[in-house]
Amino acid sequence: FEKRRRPNLRKFLNFYSLGIVASIVLYIACLFLPAFRPMTNGSPGQIYTGLLALALGPLGFIALNFSWLANVCLWFGWSKIIRQRQEAAIAWCLGALAFALSFLLYPKIPVGSSGAFAFEVMIGYEVWIASIAFALISSMAIPRATTRMQDAEVSSQG
2 FEKRRRPNLR KFLNFYSLGI VASIVLYIAC LFLPAFRPMT NGSPGQIYTG
52 LLALALGPLG FIALNFSWLA NVCLWFGWSK IIRQRQEAAI AWCLGALAFA
102 LSFLLYPKIP VGSSGAFAFE VMIGYEVWIA SIAFALISSM AIPRATTRMQ
152 DAEVSSQG
């Protein structure tokens, strides 16, 4: 009988892997929470969930609002964290945070064909920011020795 090896839980339950799991869970949660609400003609308008904001976000490019790109940066950041590419992961996650926070710099957002209106952020936006922050912290926690070893392998193959 061959002795079965038990997986090393330390390998799987380390700080950066728990951080990325938290980031992904928060991201999924933010999709179902209210993200923002435009103030149409001085009164609160329709509440946009994170999922609706994700789907309609590229329309913001028309108004030169590029905060939706934070999602793309976050997705690339996750992939770099999973591959333990620390420098790239940090860069992608910092980009995600910068794009996400840039949403607050816009005094108005376009609302369909009605025009642009002031808005208020809601809990979904804050959970989205927390998701990005967890990814950034996770990317900083990738063991340096692992990153250096992988970089050496890439340069020796290349």
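Quick note: the sequence shown uses our numbering, first residue 2, plus one each step. For glycine and all other residues, C-beta sits at the position ideal for the given N, C-alpha and C.
Practice prompt. Grab me the residues of leucine 129's own chain with a C-beta within less than 6 angstroms of its C-beta, minus the 5 sequence neighbours each way, in chain order.
Written response: Locating residue 129 in the sequence shown gives position 128, counting from the first residue. The amino acid occupying residue 129 in the given sequence is tryptophan; leucine does not appear at that position. The residues are Cys31.
Practice prompt. Rounded to whole angstroms, what's the CA-CA distance from isoleucine 110 to threonine 41? Just pull it up for me.
Written response: One-based indexing of the sequence shown puts residue 110 at position 109. One-based indexing of the sequence shown puts residue 41 at position 40. Cα to Cα, the separation comes out at about 11 angstroms.
Worksheet item: Would glycine 61 pass as a contact of tryptophan 69 if the rule is Cβ separation under 7 angstroms?
Response: As a first step, residue 61 must be located in the sequence shown, where it is residue number 60. As a first step, residue 69 must be located in the sequence shown, where it is residue number 68. Yes, these two residues count as a Cβ contact at 7 angstroms.
Practice prompt. Return the chain-ordered list of same chain residues with a C-beta closer than 8 angstroms to the C-beta of leucine 106, the five sequence neighbours on each side being excluded.
Written response: Counting from 1 along the sequence shown, the entry for residue 106 is found at position 105. Nothing listed; no residue qualifies.
Discussion item. Assuming contact is defined by CB atoms lying nearer than 7 angstroms, are leucine 95 and isoleucine 133 in contact in what I supplied?
Written reply: Indexing the sequence shown from 1 puts residue 95 at position 94. Indexing the sequence shown from 1 puts residue 133 at position 132. It is not a contact, given that the beta carbons lie outside the stated cut-off.
Fill in: Three-state secondary structure (DSSP) of serine 139
Along the sequence shown, read from residue 1 onward, the residue named residue 139 stands at position 138. The answer is helix: DSSP assigns serine 139 an H, G or I state.
Fill in: Closest by C-alpha distance to serine 103, when choosing among Leu65, Gly43 and Gln47
Indexing the sequence shown from 1 puts residue 103 at position 102. Selected option, being the one with the closest Cα: Leu65.
Worksheet entry | Segment limits, alpha helix (DSSP H) that includes valine 122 | In the sequence shown, residue 122 corresponds to position 121, counting from 1. Segment 120 to 122 is the beta strand (DSSP E) holding valine 122; no alpha helix (DSSP H) there.
Worksheet item: For phenylalanine 33 versus phenylalanine 120, is the C-beta distance shorter than 7 angstroms?
Response: Start at 1 with the first residue of the sequence shown, and residue 33 comes out as number 32. Start at 1 with the first residue of the sequence shown, and residue 120 comes out as number 119. No, the Cβ-Cβ distance between phenylalanine 33 and phenylalanine 120 is not below 7 angstroms.
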